[in-house]
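Read the structure below first, then the notes.
Protein chains: 2
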Amino acid sequence: MTLLRPAAGALPQPYLLFLGDVAQPGYAKTAFGLRDWAPDQCIGEYRLPDAKVTTGLAYLTPAQAAAAGARSMVIGVANSGGVIPASWVASLMEALQAGLDLVAGMHSRLGDVPGLAEAATQLGRRLIDVRVPPANIPVGTGRKRTGQRLLTVGTDCALGKKYTALALARAFKARGIAADFRATGQTGIMIAGSGIPMDAVVADFEAGAAEMLSPDAAPDHWDVIEGQGSLFHPAYAAVSMGLLHGSQPDVFVVCHEPGRSEMLGAPGYGLPSIAELIEATLLLGRRTNPRIRCGGVAYNSSRLDADEAGRLIAADTERLGLPVADPIRGGPAFERLVESCLA
Amino acid sequence: MTLLRPAAGALPQPYLLFLGDVAQPGYAKTAFGLRDWAPDQCIGEYRLPDAKVTTGLAYLTPAQAAAAGARSMVIGVANSGGVIPASWVASLMEALQAGLDLVAGMHSRLGDVPGLAEAATQLGRRLIDVRVPPANIPVGTGRKRTGQRLLTVGTDCALGKKYTALALARAFKARGIAADFRATGQTGIMIAGSGIPMDAVVADFEAGAAEMLSPDAAPDHWDVIEGQGSLFHPAYAAVSMGLLHGSQPDVFVVCHEPGRSEMLGAPGYGLPSIAELIEATLLLGRRTNPRIRCGGVAYNSSRLDADEAGRLIAADTERLGLPVADPIRGGPAFERLVESCLA
């Protein structure tokens with residue numbers, strides 16, 4: 136068994152995506168992210184009979200996936216707390232026995248699942264936890280770094296901060312601008328091949344990790360940094376706060392899912408308004424970058440049809456006085472958001 | 136050897152305070168803090184012949200201290216770098232042999248001192264590092280808990296948040312109010328005998344740790360929670376943010392050192408104004424407790440003489456429209472601060 140550090144080398148691709156018994160799409164963002172942003176590396180999906188969510192990829196058993204060329208099974212779902220439940224263990228064992236390595240990015244380690252480490256050793260397979268932060272992260276200094284930085288921030292978790300950052304980095308590059316997507320979560324790290332799992336960093340070093348993630352760069356180079364959590368989430372704001380300070384963004388983009396009424400995993404907590412999130416981000420972000428500004432708003436309008444989404448985006452562009460777009464739908468609205476970020 | 140988790144059970148009190156070969160009082164802050172705030176738990180002090188500092192407590196060997204009822208020897212000094220020097224090891228061994236557990240809060244772990252872990256195991260003694268957070272900290276939920284809570288917040292690090300919380304808890308108790316000091320750093324944990332080292336918690340669990348630290352309590356019971364870092368510190372705001380959300384304080388007290396011009400460890404960063412810190416704390420704190428309010432301001436005026444301090448406190452009480460006091464100086468100003476917190 137080897138615990139591979141995500142930045143140290145390539146993960147064993149292509150993947151079989153494991154969905155467990157996931158019941159809500161919000162908890163399957165790793166699987167969806169890999170399907171959408173690393174489609175060439177996804178052979179199919181595997182899930183338990185109780186699962187209520189699918190990526191739409193072919194259903195394959197681990198043996199079928201291995202025969203089709205898969206080299207690892209990725210745990211493509213999370214649950215609150217990041218624990219690997221006992222109900223998944225038989226499937227993980229099945230993957231090892233089929234000749235696949237296991238890749239996970241949850242809080243609990245693959246090696247802590249009873250029996251799994253022994254089985255992996257015996258079978259010559261690897262258990263790879265991509266949430267292991269790099270060693271020797273320094274304490275933050277607040278020193279201003281060279282280069283341009285954009286950070287995506289959210290009214291909640293799991294509503295498009297990674298997608299927005301990936302889409303913006305892709306759009307910047309399409310315009311010939313030097314840009315890097317900087318991954319801060321397990322899925323982003325799996326897609327990008329490097330990054331720092333910001334929510335697994337000890338709190339005292341959170342801003343220091345963000346400083347390490349986007350080092351000094353050429354003056355016209357953009358780091359497009361994947362946001363985490365929300366300053367308004369009662370569980371995860373510490374992560375968002377350290378990432379904001381350490382990223383010292385020049386521009387931030389607010390990510391929001393219209394129609395979402397309650398924070399994920401926080402019963403009774405409504406979402407902040409976009410204006411409230413902009414106010415808080417400016418207030419706190421000015422501490423490490425006095426020039427911070429809001430570049431616009433990215434909507435996750437996946438629950439709306441195209442006409443509804445178009446009308447809402449047009450109306451909210453007017454209402455907020457800022458570019459609003461759905462990065463996944465693209466189009467002229469998204470082009471205006473890109474222009475605003477680069478202005 | 137057992138690594139006792141501080142929140143999981145009380146530390147083995149009373150203590151023998153170990154001063155090593157400390158030459159400057161500034162490095163013996165832990166011992167002085169224990170002497171001043173947990174006098175009933177301090178049996179005496181033990182030191183090497185070269186030591187130049189004393190707490191004024193009785194000198195006892197570990198064997199004498201054990202006979203007098205001590206249950207552990209606490210390393211009450213730090214040195215630059217937080218390393219346990221070789222010259223202390225014989226004394227640590229002597230304590231284990233005398234039947235005392237060892238308690239430390241330095242950067243280097245007791246278990247990393249060559250031979251110490253083996254000796255502890257053989258003797259059935261415990262090596263307790265209070266910087267180790269408890270296992271299985273849950274993710275925060277934001278659920279409103281019963282009881283009253285006060286949190287000290289700072290314009291910077293290391294300017295009196297612990298002392299202010301200790302003084303307020305003591306004043307509350309003196310008025311017959313049920314109150315607990317809730318410790319969030321190593322010295323506080325040794326004083327209280329339990330607590331959670333908030334800066335050593337993984338960021339995703341920071342708010343959850345704060346929720347765990349001050350559980351449901353009787354409606355008229357106060358938890359007085361030791362603050363950490365500062366929302367305006369470019370390195371440590373993540374800790375402050377999670378602690379604020381998870382503590383869901385009803386009242387906060389701003390701690391400030393008049394005359395300090397630059398944030399500790401962050402060259403070029405000036406301190407926020409008291410008004411700015413109040414604004415940010417209210418904005419963010421309302422998320423988990425809409426009733427949050429500022430109880431007043433605690434000054435660390437140790438660099439001023441009594442007359443200067445008195446004039447400044449009177450002037451700033453007027454200027455800010457809030458009670459201002461130095462908890463260490465006490466007096467009527469401090470009484471007004473206590474009244475304001477309880478109002």
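So the sequences go chain by chain: A and B. Residue numbers for the first sequence follow this note's numbering, so the first one is 136 and each next one is one higher. Residue numbers for the second sequence follow this note's numbering, so the first one is 136 and each next one is one higher. Cβ coordinates follow ideal geometry from the N, Cα and C atoms, glycine included.
A:E397 has a beta carbon lying at 9 Å or more from every beta carbon in chain B. About 11 Å separates the beta carbon of A:S375 from that of A:A345, a gap too long to meet the 8 Å contact definition. Contacts between B:H380 and chain A, judged by CB atoms closer than 7 Å, involve P369 and A372 in chain order. Listed by position along chain B, the residues whose Cβ is nearer than 9 Å to that of A:R280 form an empty set, because the closest Cβ is around 12 Å away. With a threshold of 9 Å between beta carbons, A:A335 makes contact with chain B.
The beta carbon of B:A200 is closer than 6 Å to those of L151, I178 and G179 in its chain, skipping five residues each way along the sequence. Interface flag for A:A410 against chain B is unset, since no Cβ pair is found closer than 9 Å. Of all residues in the region 436-466 of chain A, none comes within less than 8 Å of chain B when Cβ atoms are compared. For B:D451, the enclosing alpha helix (DSSP H) stretches over residues A441 to L455. In the DSSP secondary-structure assignment, B:H368 is not bridged to any residue. Straight across, the Cα-Cα distance linking B:D440 with B:G323 is about 27 Å.
A:G364 sits away from A:C429, with the two beta carbons spaced by 9 Å or more. B:K296 and B:G289 have their C-alpha atoms roughly 7 Å apart. Under the 9 Å criterion on CB atoms, B:Y404 is classed as interfacial with respect to chain A. Beta-bridge pairing by DSSP links B:S408 to no other residue. Taking a Cβ-Cβ threshold of 7 Å, the residues of chain A close to B:R422 are F367 and P369, in chain order. Per DSSP, the unbroken beta strand (DSSP E) holding B:F387 starts and ends at V386 to H391. In this structure, the alpha-carbon of B:V386 lies about 7 Å from that of B:R284.
In this structure, A:R182 sits away from A:L227, with a CB-CB distance that is not shorter than 9 Å.
For A:E341, the residues of chain B that pass the 9 Å Cβ criterion are A338, E341, A370, Y371, A372, A373 and V374, in the order they occur in the chain. At a cut-off of 9 Å, the C-beta of A:T290 has no neighbouring C-beta in chain B. In this structure, the CA atom of A:D264 is about 55 Å from the CA atom of B:L447. Look at A:E414: its C-beta is under 9 Å from a C-beta on chain B.
Annotation for A:I210: the continuous beta strand (DSSP E) segment containing it runs S207 to I210. Each of A:F340, A:K308 and A:A304 was checked against the Cα of A:I360, and the nearest Cα belongs to A:A304. B:V238 is the residue among B:T416, B:V238 and B:L418 whose C-alpha sits nearest the C-alpha of B:S329.
In the three-state reduction of the DSSP assignment, A:G362 falls in the coil class. Taken through DSSP and simplified to helix, strand or coil, A:E180 comes out as strand.
Contact between the region 337-353 of chain A and the region 303-319 of chain B is absent, with fewer than three C-beta pairs closer than 8 Å.
Under the DSSP assignment, B:L399 falls outside any beta strand (DSSP E); it carries neither an H nor an E label. When 9 Å is used as the limit between beta carbons, A:H242 is near these residues of chain B: V274, V337, D339 and F340, in chain order.
If the five residues before and after A:H380 are omitted, its C-beta is found closer than 6 Å to the C-beta atoms of A342 and T423, all from its own chain and listed in chain order. About 5 Å separates the beta carbon of A:G211 from that of A:T165, a gap short enough to meet the 8 Å contact definition. Rounded to the nearest whole angstrom, the C-alpha separation of A:Q257 and A:D315 is 39 Å.
Distance from the CA of A:P147 to the CA of A:G259, rounded to the nearest whole angstrom, comes to 14 Å. For B:L154, no alpha helix (DSSP H) segment is defined, and its DSSP state is neither H nor E.
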